[in-house]
Amino acid sequence: MNRTALAALALAAFGGALLCDSPAVAARQSYSLKRVWKAGESDRYRTVITMETENPTGTMTVEFTIQTTENVKDVKPDGTAIVETKVDNASMLVKDAKNSATRELNDNSVVTTTYDGTGRETKREVAAENGQPGPALMMLGLVRAATIPPRSMKAGEEWKYDIPPADAKSSRRAGSVTVVGVEKLADAPPGEALKVKCSTVVTTPGATGDEKVSIDSTVLLDPATGKTLNVDGTGSGRLGTLDAKKIIIKQQRMKPAAK
23 MNRTALAALA
33 LAAFGGALLC
43 DSPAVAARQS
53 YSLKRVWKAG
63 ESDRYRTVIT
73 METENPTGTM
83 TVEFTIQTTE
93 NVKDVKPDGT
103 AIVETKVDNA
113 SMLVKDAKNS
123 ATRELNDNSV
133 VTTTYDGTGR
143 ETKREVAAEN
153 GQPGPALMML
163 GLVRAATIPP
173 RSMKAGEEWK
183 YDIPPADAKS
193 SRRAGSVTVV
203 GVEKLADAPP
213 GEALKVKCST
223 VVTTPGATGD
233 EKVSIDSTVL
243 LDPATGKTLN
253 VDGTGSGRLG
263 TLDAKKIIIK
273 QQRMKPAAK
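Using the working numbering, you'd call the opening residue of the sequence shown number 23 and step up by one each time.
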């Protein structure tokens, strides 16, 4: 897998998480997707990314299992938020029809992201070896591949975007965000979530031409805080030397540890 191309894809996509700030969501006809931050909050996520590709012996599957912690370090009076995301542990499973092997990923990456009062990312700092994200953090770019609409949206409304690359080595992001509405959760205690659908194409310059990854995902958000509760996505595309015929993404916010 081409590390440089994958890093470019991940860094272009990582800052665009879907966000929301609807404290009375059931009574509203339009919804903002702006995240509401609170200093000191901490959330853990478990992400599984599965990619299928073909090799001379048949289908090969590469599966990443990643646990991360998101810490809100500070929120300024003007709404600026400083958020730290770190990889707690990660592993990679590679298997085909005859063999399988699992190895731990030595990834201690920490990304500190600054968002302004509108929810727009203004700064990102990576604390890792050589200043580059590790393999686990790079893969998380596939989960965070959408962007934030600049206005409130009604249920059923679609917002399209096309963000050109910042330079010759950067990625281009294009796609759409659609608010579906509110649905009941089966968790205990029961609650509600705001459902959002995203379609994204990330195009990254590669050694032999442009590399494209397409992801369609359904995201459930906490109506009161805008936190991501669940992500289910599917897609396909080329990441360096890996031509993924199928990509499956599943991310869940983990329940707080019992005190």
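C-beta: ideal position from N, C-alpha, C; glycine also.
Element boundaries [beta strand (DSSP E), containing residue i]
i      : result
Ala112 : 103-117
Asn121 : Looking at the DSSP string, Asn121 is not in any beta strand (DSSP E), and its letter there is neither H nor E.
Arg68  : 64-77
Leu242 : 231-243
Arg173 : Where Arg173 is concerned, there is no enclosing beta strand (DSSP E), given that its DSSP letter is neither H nor E.
Leu207 : 194-207
DSSP state of residue i mapped onto helix, strand, coil
i      : result
Gly139 : coil
Leu251 : strand
Leu55  : coil
Lys182 : strand
Residue i: CB within 7 Å of a non-hydrogen atom of the ligand FAD
i      : result
Arg125 : No copy of the ligand FAD appears in this structure; indeed no ligand is present at all.
Option in the options with minimal Cα separation from residue i
i      : options                        : result
Lys60  : Lys117, Thr247, Thr263         : Thr247
Pro172 : Tyr183, Thr72, Gly178          : Tyr183
Val109 : Asn121, Ala119, Asp129, Asp100 : Asp129
Val84  : Ile270, Met276, Ser192         : Ile270
Thr200 : Glu179, Gly213, Ala190, Val94  : Glu179
Ser236 : Arg194, Asn252, Asn93, Lys206  : Arg194
Val253 : Met73, Asp118, Arg275          : Arg275
Ala208 : Asp96, Lys268, Leu251, Gly101  : Leu251
Pro245 : Val224, Val218, Ser258         : Val218
Gly62  : Ala103, Leu127, Pro157, Ala188 : Ala103
Met73  : Tyr53, Lys56, Asp265           : Asp265
Leu242 : Val204, Glu143, Gly139         : Val204
Lys234 : Arg260, Thr124, Gly213, Ala158 : Arg260
Arg68  : Ser174, Ala112, Gly80          : Ala112
Thr263 : Thr256, Gln273, Thr226         : Thr226
Arg57  : Thr140, Val132, Glu92          : Thr140
Ala149 : Lys176, Ala188, Thr134, Gly257 : Thr134
Asp138 : Lys268, Leu164, Val105         : Val105
Enclosing alpha helix (DSSP H) for residue i [first to last residue]
i      : result
Met161 : 157-161
Where residue i falls, given that 16 or more other Cβ within 10 Å makes a residue buried
i      : result
Ala49  : In this prediction, Ala49 has a pLDDT of 43, which is less than 50 and means its spatial position is unreliable; nothing more can be read from the coordinates.
Arg146 : exposed
Thr90  : buried
Asp100 : exposed
Pro155 : buried
Lys120 : exposed
Lys277 : exposed
Pro186 : exposed
Gln51  : exposed
Ala190 : exposed
Arg125 : exposed
Lys249 : buried
Glu92  : buried
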